[in-house]
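2 protein chains.
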Amino acid sequence: MYSKEIQNLINEFSQFPGIGPKTAQRFVFYLLRKDSRGREKFIIDLKKLNNIFSCSVCGNFSDKKICFICQDKNRLTSKIIIVAEPQDLIAIERTGEYKGLYHILGGLIDTVRDFGPEKLKIGDLFKRLSSSQIKEVIFALNSTIEGESTVLYIVNKIKKDEILSQSIKVTKIARGLPLGAEIEYADEVTLGEALKDRKAI
Amino acid sequence: MYSKEIQNLINEFSQFPGIGPKTAQRFVFYLLRKDSRGREKFIIDLKKLNNIFSCSVCGNFSDKKICFICQDKNRLTSKIIIVAEPQDLIAIERTGEYKGLYHILGGLIDTVRDFGPEKLKIGDLFKRLSSSQIKEVIFALNSTIEGESTVLYIVNKIKKDEILSQSIKVTKIARGLPLGAEIEYADEVTLGEALKDRKAI
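Here it is as structure tokens:
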């Protein structure tokens with residue numbers, strides 16, 4: 023029905039996260055309505071992604087070999103937050119509440135999809151933990167089965183290490199009611215944990 | 023927070039229809055996870071959009087100057103469906119119920135956004151109507167205020183034309199309950215029109 027130029031691009035956009043063929047089609051028509059100059063700018067910006075690397079220390083995307091956080095001398099080197107993806111790091115940075123380091127795993131253990139711990143940057147993490155002054159490992163992974171299994175896997179590995187298990191405190195970010203949530207609709211696990219972790223006011 | 027390469031592309035994707043900054047961010051991370059070869063293929067496909075033109079007859083996107091429908095000698099030249107956008111043409115073609123011609127307006131009259139009839143290919147439409155054997159004009163525009171105003175505007179113009187008003191029958195696609203719709207939740211206008219247009223079974 024479509025010429026192959028259009029169809030190929032619809033197929034490419036259909037691979038984007040959360041995008042089905044209908045939206046992919048809308049994207050292509052959007053680009054067709056732009057003139058070739060507008061598309062050229064988009065293409066130039068796409069090409070610039072080749073200048074983006076994975077930070078060799080934490081795994082964050084960066085235009086330098088070592089990202090701006092790992093380069094920053096003012097960050098606390100005693101704390102490290104473990105996240106799954108770079109966008110999780112960005113979300114935490116936006117809170118302005120944290121001045122320590124990060125380690126990006128590059129995913130979460132997902133046994134259903136056969137995505138095991140060997141695919142994550144866990145080896146790199148332990149190299150960092152063994153050769154630094156890190157005192158606290160803070161997990162900030164999704165509250166999902168995959169997130170919880172990944173926490174468990176890494177915590178077990180830390181506990182089995184004689185030195186690390188002594189020197190490092192392991193924590194995870196609190197579970198509770200998000201801003202604007204209604205108690206009536208909260209699930210029992212969240213509400214139960216929010217109750218256990220209640221804070222003096 | 024992001025390097026400018028990433029931020030620029032997030033801004034570009036945020037302009038895509040229905041895409042906010044969060045999804046735009048996911049798109050960029052998706053592209054970063056592809057390797058540069060994968061991105062290169064995407065860029066090549068994007069560049070090929072420069073080979074796509076507006077059909078000089080109906081306004082459909084095409085890799086030829088005249089699109090495959092307008093070139094097709096087997097299409098009925100007595101009927102023309104008026105649609106707003108090329109994707110509407112595709113939706114109608116998919117039904118397999120229509121073998122006539124099309125005319126793409128390139129939008130709908132939207133007085134709120136100051137998008138007037140002069141921005142649509144209405145002049146071209148009347149040139150086509152005047153110089154052809156078209157016997158029926160079928161409107162297939164969205165069931166919205168914009169769609170209805172556009173129908174009204176064009177119908178009035180046809181009625182004012184002494185020759186066209188005599189030679190051309192004007193229709194619009196039926197309004198009714200879509201497949202799977204529940205009567206209980208149908209709006210009164212739709213249900214009222216579906217009742218008026220009831221068909222013998």
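Just so you know, the sequences run in chain order A and B.
Numbering follows the working numbering, with no gaps: position 111 of the first sequence is 133.
Numbering follows the working numbering, with no gaps: position 11 of the second sequence is 33.
We put the CB at the ideal spot given by N, CA and C, even for glycine.
All figures in this text were calculated on a predicted structure; none of them were measured in a lab.
Asked: Listed from N- to C-terminal order along the chain, which residues in the segment 61-86 of chain A have their beta-carbon within a distance smaller than 7 Å of any beta-carbon of chain B?; Found: Arg61, Phe64, Ile65, Asp67, Leu68, Lys69, Lys70, Leu71, Asn72, Asn73, Ile74, Phe83, Ser84, Asp85
Asked: Can you name the residues of chain B whose CB is closer than 9 Å to the CB of A:Arg59?; Found: None at all; the shortest Cβ gap to chain B is about 10 Å.
Asked: When burial is assigned at 16 or more other CB atoms within 10 Å of the CB, is B:Gly202 buried or exposed?; Found: exposed
Asked: If you count every other CB in all the chains shown that lies within 10 Å of the CB of B:Asn72, and 16 or more means buried, which is it?; Found: exposed
Asked: Could you check if B:Gly81 is buried or exposed, using at least 16 other CB atoms within 10 Å of its CB as the buried criterion?; Found: buried
Asked: So, does the CB of B:Asn30 fall closer than 8 Å to a CB anywhere in chain A?; Found: yes
Asked: Which residues mark the beginning and the end of the alpha helix (DSSP H) in which A:Phe64 is found?; Found: 58-69
Asked: From B:Arg197 to B:Ser165, what does the alpha carbon distance come to, in whole angstroms?; Found: 8 Å
Asked: Report yes or no: is there a C-beta of chain B within less than 8 Å of the C-beta of A:Gly118?; Found: no
Asked: Taking Cβ-Cβ distances shorter than 8 Å, what residues in chain A pair up with B:Ser36?; Found: In chain order: nothing, as chain A lies at least about 12 Å away.
Asked: Does any C-beta atom of chain A lie closer than 8 Å to the C-beta of B:Leu54?; Found: yes
Asked: Starting from B:Lys6, trace the alpha helix (DSSP H) both ways and give me its first and last residue.; Found: Limits of chain B in this structure are 23 at one end and 223 at the other, which puts residue 6 of chain B out of reach.
Asked: Check the Cβ-Cβ distances between A:Ile112 and every residue of chain B, and say whether any is below 8 Å.; Found: yes
Asked: Could you check what DSSP says for B:Glu158 in three-state terms: helix, strand or coil?; Found: strand
Asked: Identify the continuous beta strand (DSSP E) that holds B:Ile103 and give its terminal residues.; Found: 101-105
Asked: In its own chain, which residues sit with a C-beta less than 7 Å from the C-beta of A:Asn30, not counting the 5 before and 5 after it?; Found: none
Asked: For B:Arg48, which residues in chain A fall below 9 Å Cβ to Cβ?; Found: Phe38, Pro39, Gly40, Gln109
Asked: So, at 7 Å on beta carbons, what are the nonlocal neighbours of A:Phe137 in its own chain, with the 5 sequence-adjacent residues on each side left out?; Found: Gly129, Ile131
Asked: Find the residues of chain A that neighbour B:Phe51, judging by a C-beta separation of less than 8 Å, and give them in chain order.; Found: Phe83, Glu107, Pro108, Gln109
Asked: Do we get a CB-CB distance below 8 Å when we pair B:Glu27 with the residues of chain A?; Found: yes
Asked: Could you tell me which chain B residues have their CB closer than 7 Å to the CB of A:Gln166, listed as they occur along the chain?; Found: Correcting the residue type first, residue 166 of chain A is Thr in the shown sequence and not Gln. Residues of chain B passing the Cβ test: none, with the nearest at roughly 17 Å.
Asked: I need the boundaries of the beta strand (DSSP E) containing B:Ile126, first residue and last residue.; Found: 123-126
Asked: For B:Pro108, which residues of its own chain have a beta-carbon under 7 Å away from its beta-carbon, when the five flanking residues on both sides are left out?; Found: Asn82, Phe83, Ile126
Asked: Can you tell me the Cα-Cα spacing of A:Cys92 and A:Thr99, whole angstroms?; Found: 9 Å
Asked: Identify the contact partners of B:Glu115 in chain A, using a Cβ-Cβ distance below 9 Å as the criterion.; Found: Met23
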